[in-house]
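*Asks:* My questions all concern the structure below.
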Amino acid sequence: MYPVSFIAALALSAALSGDVATLHKYDGLSLSPDGKTLATFESAATVGSVASVHSLLTLRDTSGKIIATNDPCAECKYDALAWSPDSLALAFLAADRKSGVTTLYVLEGKTARVVTTIKGNAGRPRWSPDGKTLAVLATVGARKETGATQAGAALVGEIGVAGAIDEQRIATVPAAGGDLSFVSPADTWVYEYSWLPDGSGFVGTAAKGDGDNNWWTAKLEAFGRDGSERVIAAPKLQMNMPKVSPDGQNVLFIGGLMSDFGVVGGDVYSVPLTGGELRNLTADYKASFTSLSVTKSGVLATLISGGDTGVARIDPLKGGVSVLSSGPVSSSAGEGRMAFDAAGTTAAAVVESFTQAPRIAFGKPGDLKPVTSDNDAVTVSFSAKSVTWTHDGYEVQGWLLAPADVEKGKTYPMVTIVHGGPASAVTPRFSASGSMYELLKGGYYIFQPNPRGSFGQGQAFTRANVRDFGGADLGDILSGIDAVERIAPVDDKRLGVFGHSYGGFMTMWTVTHSKRFKAAVAGAGIANWISYYGQNGIDQWMIPFFGASAYDDPAIYDKLSPIRYIKNAVTPTFIYVGERDVECPPAQSMEMWHGLKAQGVPTSLVIYEGEGHGIRKPEHIRDLNNRITGWFDTYLK
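Numbers in the numbering used here are just positions in the sequence shown, counted from 1, shifted up by 21.
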């Protein structure tokens, strides 16, 4: 299921005012271990543009001043910054999609030199503790880009046989340059990894077989540089960000119920490196932890708590949480949400909100100050506020965005956007293009709820819609709309609903269970859980949420399928999906479209050629934005 980031990119758009023509982007922020230098991949795009823009590797001092830029491959997409332990060298990856080659570079001074090349994909470079060796996750001869949300390989020939499945392996190379030496087994997909403090090997999360499908059953493992492999733990939960504790005795990770690799939210756990019993260091804390860093001064984690995000210290021995800061913003840095120096005394992040364009911020953990001003003149003409309400014993939170110049005595249409996941959350992010920009400009209110099943209130809340998709979570959403209508001039007769992935399923479910909405848009949704189980490339995600496979417990899958209630549908519904969507195959959208047509409900279906779970080609994004806003204008204006 697709994370909220797709909806953020497509739809969480600000109504921009003023004469500013560009929006500056900072990707992959990394802070050097000595805390003196900031590295990012930076670009500037015309406001409103959806075209891809080439970025430059940019170094700044901690005041925000640019001290160097580098661009060794103008045709490449840069990714994954990693500082050497002495802060004198910076590793990064450059992927040339036309040739299918990924190059590992190291920047020393002003010169970027080639360390090695990989015919295929590579990710997550890591320096050894002594700085003499680099490790990467390498997929040689990759048939597709890494990740289940990417467009799938063509399904032709014999399926599922040897050679038809990619494997991502830990590989090492001398920092001075050379050929890769593979460490992890050839039949194992490694998702994340970290060096052991003595440099003798790695800890990581890994699973046998198809990497797109098996993260939900991944184990925590140790890999020796001698080729050895050992299971440390195999808990019945999903794991992200394995790190070795400051004393080298334990492995820390974020674990919980998660529906997408890389969309992190759970508790912080510890387990002995030698294996043994898991300890939940944040048990019963009403928040979701989203990234984890181990520094010389201790363990630091970012979190979502209600509608706020923040940073906290975690006691790796006794457990417990000490929140350093929290607020209605979003932050990002590299593979997590915040970057720290080796000592853990300074931090940096790209910080943004619904009404504040991205800025690099730097300072002590919990007290970051903006150090860039590239986007200071980019302003917005709408307002955003957090809304909370109580439903069925839960306190639920969401975000309400209001159009500019709301007139007293007038009512407005509203579109409710349901996030993907279901284990995810809407946090305040700024964007300058997309359908929400057009909707806000056109006088729509936008409501983005975080119903049960979302991150932000601890694992009990995240697990509260297990085996109940579309039940209590839809109740939370409808109750949230009631709460919004008590505080905002929203016309209940002009309501729309929109979602992608799990949000697409929820849209399909909603139009078969409620007549309250007058228009709907379902992106990459799921109409029939039974047929979906046999069609998608990630069926393992479903077991934690349904309790069993569709073959062992078909009744619950059938009960939660929108197509079973298609005769209740009356809401005009636009449906879209990518042709090569691994996560939510187009057959699901086709089934829902066919059912709506059979009932005489106005509907339209667009399948975007060559696209995966996210719609990424600029021409397709433009077409989709126009269709979404046009659909709501037709039925709600």
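Ideal Cβ placement from N, Cα and C applies to all residues, glycine included.
Select from V542, G568, K580 the residue whose C-alpha is nearest the C-alpha of N646.
*Replies:* V542
*Asks:* Would you call A95 buried or exposed, if buried means 16 or more other Cβ atoms sit within 10 Å of its Cβ?
*Replies:* exposed
*Asks:* Using the C-alpha atoms, what's the distance from S346 back to M359?
*Replies:* Using only the alpha carbons, I get a separation of about 12 Å.
*Asks:* For S351, which three-state DSSP category applies?
*Replies:* strand
*Asks:* Rounded to whole angstroms, how far is the Cβ of L44 from the Cβ of A60, which I believe are closer than 8 Å?
*Replies:* L44 to A60, Cβ: 20 Å. No contact.
*Asks:* Mind checking whether the beta-carbon of A541 lies closer than 7 Å to any heavy atom of the ligand ZN?
*Replies:* Annotation note on the ligand ZN: not contained in the displayed structure, which lists no ligands.
*Asks:* Can you give the beta carbon distance from P263 to E298, rounded, assuming they're within the 8 Å contact cut?
*Replies:* About 17 Å; that fails the 8 Å criterion.
*Asks:* Which class does A541 belong to by DSSP, given the choice of helix, strand or coil?
*Replies:* Here A541 sits in strand by DSSP.
*Asks:* Excluding five sequence neighbours on each side, which residues of the same chain lie with their C-beta closer than 7 Å to the C-beta of V447?
*Replies:* V25, W420, H440, Q469, N471
*Asks:* Kindly list the residues whose CB is nearer than 6 Å to the CB of F375, restricted to its own chain and excluding five residues on each side of it in sequence; keep chain order.
*Replies:* A405, P449
*Asks:* Who are the Cβ neighbours of I551 in its own chain at under 7 Å, not counting the five residues just before and after it?
*Replies:* A571, P575, Y578, D579, S582
*Asks:* Applying the 10 Å Cβ sphere with the 16-neighbour rule, what's the burial state of S343?
*Replies:* exposed
*Asks:* Grouping DSSP H, G and I as helix and E and B as strand, with all else coil, what is F566?
*Replies:* Note: F566 maps to helix in three-state DSSP.
*Asks:* Would you kindly work out how many angstroms separate the C-alpha atoms of V598 and S402, rounded to a whole number?
*Replies:* 31 Å
*Asks:* What residue does the beta strand (DSSP E) around V250 start on, and which one ends it?
*Replies:* First, the amino acid is wrong: residue 250 is Glu here, not Val. Note, E250: beta strand (DSSP E), 250-254.
*Asks:* Ignore the nearest five residues each way along the sequence and tell me which others in M529's own chain have a CB closer than 6 Å to its CB.
*Replies:* A543, G546, A548, P583, M613
*Asks:* If you run the structure through DSSP and keep just helix, strand and coil, what is F113?
*Replies:* strand
*Asks:* Ordered along the chain, which non-local residues of its own chain (more than five positions away) have a Cβ less than 6 Å from that of T592?
*Replies:* V532, F538, A541
*Asks:* Excluding the 5 residues preceding and the 5 following G616 in the sequence, name in chain order all residues of the same chain whose CB lies nearer than 6 Å to its CB.
*Replies:* I584, I587
*Asks:* Since V627 is in the beta strand (DSSP E), which residue starts that stretch and which ends it?
*Replies:* 624-629
*Asks:* Could you check where the alpha helix (DSSP H) with S76 kicks off and where it finishes?
*Replies:* Taken as a continuous stretch (DSSP letters only), S76 belongs to no alpha helix (DSSP H), as it is neither H nor E.
*Asks:* Given a cut-off of 8 Å, decide if L241 and A254 are closer than it, judged by their beta-carbon atoms.
*Replies:* yes
*Asks:* Taking the runs of the beta strand (DSSP E) that are 3 residues or longer, which of them lie wholly in the stretch 250-333?
*Replies:* 250-254, 259-265, 271-277, 288-293, 309-316, 319-326
*Asks:* Closest to G276 by CA distance: which of D288, G269, V284 is it?
*Replies:* D288
*Asks:* For L155 versus V177, is the C-beta distance shorter than 8 Å?
*Replies:* Going by beta carbons, L155 and V177 fall outside the 8 Å limit.
*Asks:* Give, in chain order, every unbroken run of the beta strand (DSSP E) that is at least 3 residues long and sits entirely within the stretch 414-495.
*Replies:* Unbroken beta strand (DSSP E) runs of no fewer than 3 residues, entirely contained in the stretch 414-495, are found at 415-423, 433-439, 466-471, following chain order.
*Asks:* Please name the residue, chosen from P218, G230, A207, Q270, that lies closest to G248 on a Cα-to-Cα basis.
*Replies:* Nearest to G248 by alpha-carbon distance, out of P218, G230, A207, Q270, is A207.
*Asks:* Mind checking whether S105 and G152 have CB atoms under 8 Å apart?
*Replies:* yes
*Asks:* Could you check where the beta strand (DSSP E) with N142 kicks off and where it finishes?
*Replies:* 132-148
*Asks:* Taking one C-beta from the stretch 306-320 and one from the stretch 510-517 each time, how about it: are there three or more such pairs within less than 8 Å?
*Replies:* no
*Asks:* Thinking C-beta only, is P349 closer than 8 Å to S266?
*Replies:* No.
*Asks:* Of the choices T594, V285, W410, T411, whose alpha-carbon is the least far from that of P623?
*Replies:* T594
*Asks:* When DSSP labels each residue in this structure, what does Y23 get in the three-state scheme?
*Replies:* Note on Y23: pLDDT 41, under 50, position unreliable in the model; the coordinate value appears next. Correct three-state label for Y23: coil.
*Asks:* How would you call D40, buried or exposed, if buried means at least 16 neighbouring beta carbons within 10 angstroms?
*Replies:* With a pLDDT of 40 at D40, under the threshold of 50, the modelled position of that residue is not reliable, and the figure given next carries that caveat. It counts as exposed.
*Asks:* So which of W410, G463, N589, A485 has the shortest CA-CA distance to D503?
*Replies:* W410
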